[in-house]
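Residue 82 in this note's numbering sits at position 26 of the sequence shown, and the numbers go up by one each step.
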Amino acid sequence: MLIERDRKRPMRLIVTTVIFLVVAAMIYKNSMLITTVDTVFQALFTSSKTTGFVHTLMVLTAFLASPKMDILWGLIIAFFLWGFKGKIPAVWALLTLFGGDVLGTIVKHVIKRDRPAQHPVSDTGYSFPSGHVLGFFLIAAIISLVVVPLIRSGATRVIIQLVLIFAVVLVAISRVYLQAHYPSDTFGAMLLAYAWLQFSEGVYVRYAPRLRRWKMTHNSWY
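In structure tokens, the structure reads:
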């Protein structure tokens, strides 16, 4: 099975959820600590430039990690998994991505944090957590968990894992750089995505073997 049982998974879920709830509560209460941290990191990563390589890279990164593109990446991953008889992982990948997006949307409407004053006009809705970071984190995790293990070369697997980590960090930086989110929005998105991933992995371990009894997925590996 691609995702194995892990006794530490429930603890990781609990700890990450608690940290996320603390951060969310501080943002909801407009904590001075969160405001100070955001100000410091915004000074490091934001820029008023609208030209140059760095700006172009940030805009491209934000586009490729947008919620709509995340759905496209998820569908592409699921399509190829299904084609190679990975029907159960394909279903799990889509449910993990869509479930995470729904959860993120619910949190946005609970916290109702406004975006930074200089945010791009194209970025609408509430700010916490970052939908870009949340969705792309889950895409990277799905690739890491159900695609990378299929690669035979150990060196290639390590390189892909490192690239995925770098990509997630770059997406987070791009959202702050473009002033679409506060730094804590991106950090909160990572926490929420990781907590949801732990829950989703637990569901996979519990129910993936049962799905082989279904006619549609009986010949799937998992």
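Note that the Cβ used here is the ideal one computed from N, Cα and C, for glycine as well.
Predicted model only: the values in this text are computed from it and were never measured.
Range of the contiguous alpha helix (DSSP H) that encloses Gln254
For Gln254, the uninterrupted alpha helix (DSSP H) run begins and ends at 239-267, by DSSP.
Flag this pair as yes or no: are the beta carbons of Ile133 and Ala121 separated by less than 8 Å?
Not in contact: Ile133 and Ala121 (Cβ atoms no closer than 8 Å).
Closer than 8 Å is the cut-off here; do at least three beta carbon pairs connect the region 200-210 with the region 172-184?
Counting Cβ pairs under 8 Å, fewer than three are found: no touch.
If Phe193 sits next to Ala146, beta carbons under 8 Å apart, how far is it from one beta carbon to the other, in whole angstroms?
Taking 8 Å as the upper bound for CB-CB distance, Phe193 and Ala146 are not in contact here, some 19 Å apart.
Output the boundary residues of the alpha helix (DSSP H) element that contains Arg208.
First-last for Arg208: undefined, no H or E at that position.
Nearest-angstrom beta carbon gap, Leu69 and Phe255 [assumed within contact, 8 Å]
Contact between Phe255 and Leu69 holds: CB atoms are separated by about 6 Å, below the 8 Å threshold.
For Val232 versus Phe135, is the C-beta distance shorter than 8 Å?
The answer is no: Cβ separation not under 8 Å.
Out of Pro172, Tyr263, Leu153, His188, point me to the one whose CA is closest to Ile198's CA.
Among Pro172, Tyr263, Leu153, His188, the Cα nearest to that of Ile198 belongs to Leu153.
Whole alpha helix (DSSP H) runs in the region 131-175 with 4 or more residues, listed along the chain?
143-167, all fully within the region 131-175.
Just to confirm before moving on: does the CB-CB distance between Ile75 and Ile83 stay below 8 Å?
For Ile75 and Ile83, no; Cβs fall outside 8 Å.
Anyone know if the C-beta pair for Ile127 and Tyr260 falls short of 8 Å?
When the beta-carbon positions are compared, Ile127 and Tyr260 stay at least 8 Å from each other.
Is it right to say Gly139 is buried, meaning 16 or more other beta carbons lie within 10 angstroms of its own, or is it exposed?
Counting C-beta atoms within 10 angstroms of its own C-beta, Gly139 has fewer than 16 neighbours from the protein chains shown and is therefore classed as exposed.
Can you name the start and end residues of the alpha helix (DSSP H) that Gln98 belongs to?
Residues 88-101.
For Lys123, collect the residues of the same chain with a Cβ closer than 8 Å to its Cβ; drop the 5 residues on either side in sequence, then sort them by chain order.
Here residue 123 turns out to be Pro, not Lys, going by the sequence shown. So the list reads Asp157, Gly187, His188, Gly191, once near-sequence residues are dropped.
Note down, in chain order, each residue of its chain lying with its Cβ closer than 7 Å to the Cβ of Ala249, except the 5 sequence neighbours on either side.
So the qualifying residues of the chain are Gly156, Leu190, Phe193, Leu194.
Same chain, Cβ closer than 8 Å to Val224, neighbours up to 5 away in sequence not counted
Taking Val224 as the centre and dropping the five residues before and after it, the same chain places the C-beta of Val189, Phe192, Phe193, Ala196, Met246 closer than 8 Å to its C-beta, in chain order.
Quick test of your reading: Val93 and Pro239, contact by CB under 8 Å. State the CB separation rounded to the nearest angstrom.
Between Val93 and Pro239 a beta carbon distance of about 7 Å is seen, short of the 8 Å cut, so the two are scored as contacting.
Taking one C-beta from the region 210-229 and one from the region 107-122 each time, how about it: are there three or more such pairs within less than 8 Å?
Contact between the region 210-229 and the region 107-122 is present, because at least three Cβ pairs lie under 8 Å.
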